[in-house]
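All remarks here apply to the structure that follows.
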């Protein structure tokens, strides 16, 4: 049995805790990662230790996000969301109370495991609590707040560590996780698990191998790879070109701000019918590839063009990719799909920088950008070709999205949404 999406948009105050959860995971990830190397000499004694601490958080997410996504379908997304936020607060408080090198590893692992629970659950709730015709706007707003967390994490985290050390940053994260958990417990509507047909491992493999899942997930992975490469390597390119830290920092800020503000606009365009997921994903990949190509150009102009184009491309892909996944997923399997899609993004987050660094090691950084740009452009070509092959008569017109089905009378109660 597959339930229909709710027919009405939930009140704004019901969605804000989900956006806050997205901000929390982004702020926690980047706020600590950006400040471990410079402000924690007692715990980070070598580059190898720093790399291990950075990988610990992402490694936990890669392993556990699909697990917690499936759990959200089984017991309900809200309990997993609230439990994950409580666990995030507890893991952060662990280092505050213990304040030792070993406890930093434990706290970082706990934060990553907790984020693996509440991040896909929040995405699943964004999908389940909004009708299909309004999911673009909802995912655009969710992505906007995550982008703000990524942008402010290094800056605010640095200020907190400067003012009170690494412990103060963990104090703020513990308080933030606890506050958002309480807010979500009170304001987010219940979304109980739905009846589902028994699924075998073969059924799951077939569903995850379907282009309906693979296409948007691959686009999301490519966008995350390009974003990670832009944040990590554009400052290196600027420094090699003789640009100061202010110029390179401005370029990264342009990338982050563009990605943040494009997402809500893309979501609104999708809901209004001015944009389709096929066209939007293909265009976003093309913009991202163009931005990576511009990164190889010398000087500040190439740097800013790369930042703006990568930001616009990733900002276009992110809400449309999640909206496409939600539209192609049975409601009762939403958590599983979002967990698997988040896994794809994590692999892109790690794989993009690794690819660019590997090529740059044997050639130049410009060749590294070119390699990722080529792969991203290939994805854009495949997306455009798939869109054209689906259009009537081989034209490039997109297939219209079906109107959302009316809500079942049995689910008319607002609390059941």
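Residue numbers (my numbering): 779 to 1195. Every residue, glycine too, gets a C-beta built ideally from N, C-alpha and C. The structure displayed is predicted, hence computed values, not measured ones.
#1: Is it a yes or a no for the region 926 to 939 touching the region 848 to 862, going by three-plus beta-carbon pairs under 8 Å?
#2: Cα-Cα, which of 1021, 1030, 1025, 992 is closest to residue 1004?
#3: With a cut-off of 8 Å on the beta carbons, I'd call residue 916 and residue 908 a contact; round off their distance for me.
#4: Rounded to the nearest angstrom, what separates residue 867 and residue 956 at their Cα positions?
#5: Just to confirm, are residue 887 and residue 965 a CB contact at a threshold of 8 Å?
#6: So is residue 988 buried or exposed if we call it buried at 16+ other beta carbons inside 10 Å?
#7: Hey, residue 999 and residue 1111: beta-carbon distance below 8 Å or not?
#8: Report back the beta-carbon spacing between residue 923 and residue 801 to the nearest angstrom; my notes put them in contact at under 8 Å.
#9: Under 6 Å Cβ to Cβ from residue 1002, same chain only, skipping five residues before and after it: list those, please.
#10: Between residue 1135 and residue 932, what straight-line distance do the alpha-carbon atoms span, to the nearest angstrom?
#11: Which stretch, first to last residue, makes up the alpha helix (DSSP H) that contains residue 955?
#12: Quick one: grab the DSSP three-state call for residue 907.
#13: At which residue ranges does the region 1122 to 1172 contain complete alpha helix (DSSP H) runs of 4 or more residues, listed in the order of the chain?
#14: Could you pull the start and end residues of the alpha helix (DSSP H) that residue 1092 belongs to?
#15: Can you give me the C-alpha to C-alpha distance between residue 791 and residue 1163, rounded to a whole angstrom?
#16: Tell me the DSSP secondary structure of residue 1057 in three-state form.
#17: Please classify residue 885: does DSSP put it in a helix, a strand, or coil?
The structure says:
#1: No: the two stretches stay apart, fewer than three of their Cβ pairs being nearer than 8 Å.
#2: Its Cα nearest to that of residue 1004, the residue 1030 stands out among 1021, 1030, 1025, 992.
#3: The Cβ separation is near 4 Å, so the contact holds.
#4: Their backbone Cα atoms lie some 5 Å apart in a straight line.
#5: The criterion of a C-beta distance shorter than 8 Å is not satisfied by residue 887 and residue 965.
#6: Counting Cβ neighbours within 10 Å, residue 988 comes out exposed, since fewer than 16 surround it.
#7: For the 8 Å CB-CB criterion, residue 999 and residue 1111 do not form a contact.
#8: The pair is a contact, with the Cβ atoms about 5 Å apart (cut-off 8 Å).
#9: For residue 1002, the CB contacts under 6 Å within the same chain, skipping 5 residues up- and downstream, are 1123, 1126, 1127 in chain order.
#10: Residue 1135 and residue 932: Cα-Cα distance of roughly 22 Å.
#11: From DSSP, the alpha helix (DSSP H) with residue 955 extends over 913 to 965.
#12: Of the three classes helix, strand and coil, the one that applies to residue 907 here is coil, per DSSP.
#13: Listed in chain order, they are 1143 to 1168.
#14: Here the alpha helix (DSSP H) through residue 1092 covers 1077 to 1105.
#15: Going by the C-alpha atoms only, they are around 41 Å apart.
#16: In the structure shown, residue 1057 sits in a helix (DSSP, three-state: H, G or I).
#17: Reduced to three states, the DSSP call for residue 885 is helix.
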